[in-house]
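In UniProt numbering, the protein residues as written are 1 to 127.
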């Protein structure tokens, strides 16, 4: 995962909102999370699957390239990338790692790459 933040806590020291370009190089998934921020997601290439709790259990929203989706604050969601994907997340208020409120989940991207998560926390501590 490569993230280039243009606005937000790290890039502009403004917690009002964040906007970045995120690139996922290979299939992976995040742990379930319930962010404190609302998020608008624009998929530029590839596809994103968002698992969420529905009336009939877990449901999946497929977001292909050229599409977007809105995630309300406090909505429980699991991000899954079945292939390489480039997307633009816009968060209000701005993204923070702690604001994601990720649930522990073995095999998630966070657990597979703890060094990157530690670096992300350091960047936000400096902001």
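All C-beta atoms in this analysis are idealised placements derived from N, C-alpha and C, irrespective of residue type, glycine included.
Because the structure is a prediction, the values reported are computed rather than measured.
Counting along the chain, where does the beta strand (DSSP E) carrying residue i start and finish?
i: residue 48; result: 47 to 54
i: residue 24; result: 18 to 24
i: residue 91; result: 85 to 92
i: residue 5; result: 2 to 7
i: residue 77; result: 77 to 81
Which same chain residues end up closer than 6 Å to residue i when comparing Cβ atoms and leaving out the 5 residues on each side of it in sequence?
i: residue 40; result: 70 and 90
i: residue 94; result: 8, 9, 15, 17 and 18
Go through its chain and collect everything with a Cβ distance to residue i's Cβ below 8 Å, but skip five positions before and after it.
i: residue 59; result: 51, 52 and 53
Taking DSSP's pairing of strands, which residues face residue i in a bridge?
i: residue 122; result: Residue 122 is not bridged to any residue.
i: residue 128; result: As shown, the chain starts at 1 and ends at 127. That puts residue 128 outside it, with no answer to give.
i: residue 72; result: BP columns for residue 72 are empty, so no partner.
i: residue 67; result: 43
i: residue 101; result: Looking at the DSSP assignment, residue 101 forms no beta bridge with any residue, so it has no partner.
i: residue 57; result: 54
i: residue 62; result: 49
Are the CB atoms of residue i and residue j nearer to each other than 9 Å?
i: residue 30; j: residue 78; result: yes
i: residue 11; j: residue 44; result: no
i: residue 61; j: residue 49; result: yes
Does the beta carbon of residue i come closer than 9 Å to any beta carbon on chain D?
i: residue 71; result: Checking the listed chains, one finds no chain D in this structure; it contains a single protein chain.
In chain order, what residues of the same chain lie with their CB nearer than 7 Å to the CB of residue i, ignoring the 5 residues before and after it?
i: residue 103; result: 31, 32 and 33
i: residue 6; result: 19 and 20
i: residue 72; result: 38
i: residue 85; result: 24, 43, 45, 46, 47 and 48
Could you check how far apart the C-beta atoms of residue i and residue j are, in whole angstroms? I think they sit under 8 Å.
i: residue 47; j: residue 83; result: 6 Å
i: residue 17; j: residue 92; result: 5 Å
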